[in-house]
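In this text, residue positions in the sequence shown follow the numbering used here: the first is 984, and each later residue adds one. One structure below.
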Amino acid sequence: MVRNTRFELSVFGLLALVMLITRSHSLSQVIHLPDTSLASFFVLGFFVRRAAAFGALFLLGYAIDVVVIGWFGQSAFCFTPAYGMLVPAYGVMWLAGRYAQTRLGESLAALPIMAVLLICATFASELLSSGGFYFLGGRFADPTLAGFLPRIGRYFPSTLWATLGWSGLAAAAFSLLFLIRPELRESERR
984 MVRNTRFELS
994 VFGLLALVML
1004 ITRSHSLSQV
1014 IHLPDTSLAS
1024 FFVLGFFVRR
1034 AAAFGALFLL
1044 GYAIDVVVIG
1054 WFGQSAFCFT
1064 PAYGMLVPAY
1074 GVMWLAGRYA
1084 QTRLGESLAA
1094 LPIMAVLLIC
1104 ATFASELLSS
1114 GGFYFLGGRF
1124 ADPTLAGFLP
1134 RIGRYFPSTL
1144 WATLGWSGLA
1154 AAAFSLLFLI
1164 RPELRESERR
């Protein structure tokens, strides 16, 4: 299927901007916004299915991390050899977005199934990213499954809420946009 490049570039640009704002914590002095990374990759997969877009958004996230750690003095605690586990973690979200668009579409009836898909993908992504950090990051002396499981209970709920919240906001924004400008939906489908 040939897709509207202008629409895809607009979606990518918007996701990149939101990721830049939330991942860099540039507004942390004013308000703490949860990271949009997982939701951004899901939305990217839904609207922009090109693998190059996935790679570009991942590289943007990496560049943001390098800049905030190297130049702005943020903690480098999470920047370990396990950082590479973010590729499959974000890949799960992107593929879930692709699946949602291809198999479920944009119908209201698909929302409950899409929510379950999003929850499952977020959990799998959390297992990959947190599990990679815990077992491969070199920050924990004797990593065990018993030591890892409480970390899921501690970190997954906030990750899930952020992902559901940002994904819901994106769905509402695109629904409103397509309501106001229905020709965009038609050009997006071409």
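Positions of the beta carbon are idealized from the N, C-alpha and C atoms, including for glycine.
Supposed close pair residue i, residue j - CB separation, criterion 8 Å
i, j, result
"Ile1065", "Phe1030", "A small fix is needed here, since residue 1065 is Ala in this sequence, not Ile. Ala1065 to Phe1030, Cβ: 29 Å. No contact."
"Val1001", "Thr1019", "5 Å"
"Ser1108", "Ala1083", "Between Ala1083 and Ser1108 the Cβ distance is about 14 Å, and since that is not below 8 Å, they are no contact."
"Val1070", "Phe1041", "7 Å"
"Val1033", "Arg1081", "Note that residue 1033 is Arg in the sequence shown here, rather than Val. Wrong, their Cβ atoms sit about 10 Å apart, outside the cutoff."
"Ile1047", "Leu992", "Rounded, the Cβ-Cβ distance is 20 Å, inconsistent with contact."
Residue closest to residue i, alpha-carbon to alpha-carbon, out of the options
i, options, result
"Ile1135", "Leu1021, Ser1112, Leu1147 and Phe1157", "Ser1112"
"Arg1122", "Ala1072, Thr1063, Asp1018 and Ser1023", "Thr1063"
"Leu1091", "Gly1151, Arg1032 and Leu998", "Gly1151"
"Tyr1138", "Pro1017, Phe990 and Leu992", "Pro1017"
"Gly1067", "Trp1054, Ala1035, Ala1104 and Gly1044", "Gly1044"
"Cys1061", "Phe990, Gly1114 and Phe1037", "Gly1114"
"Ala1145", "Thr988, Phe990, Arg1006 and Arg989", "Arg1006"
Per-residue burial, residue i [other beta carbons within 10 Å of its own, 16 or more giving buried]
i, result
"Ile1163", "exposed"
"Ser1158", "exposed"
"Leu1021", "buried"
"Ile1102", "exposed"
"Trp1077", "buried"
"Glu1166", "exposed"
"Val1075", "buried"
"Val1026", "buried"
"Gly996", "exposed"
"Ala1153", "buried"
"Gly1028", "buried"
"Leu998", "buried"
"Ile1096", "exposed"
"Gly1120", "buried"
"Thr1142", "buried"
Residue-chain proximity (residue i, chain D), Cβ-Cβ < 8 Å
i, result
"Trp1149", "Of the protein chains in this structure there is only one, and it is not chain D."
Practice task
Output the residue ranges of the alpha helix (DSSP H) runs that lie fully inside the region 1046 to 1085 and measure 4 residues or longer, sorted by chain position.
Solution key: 1069 to 1082
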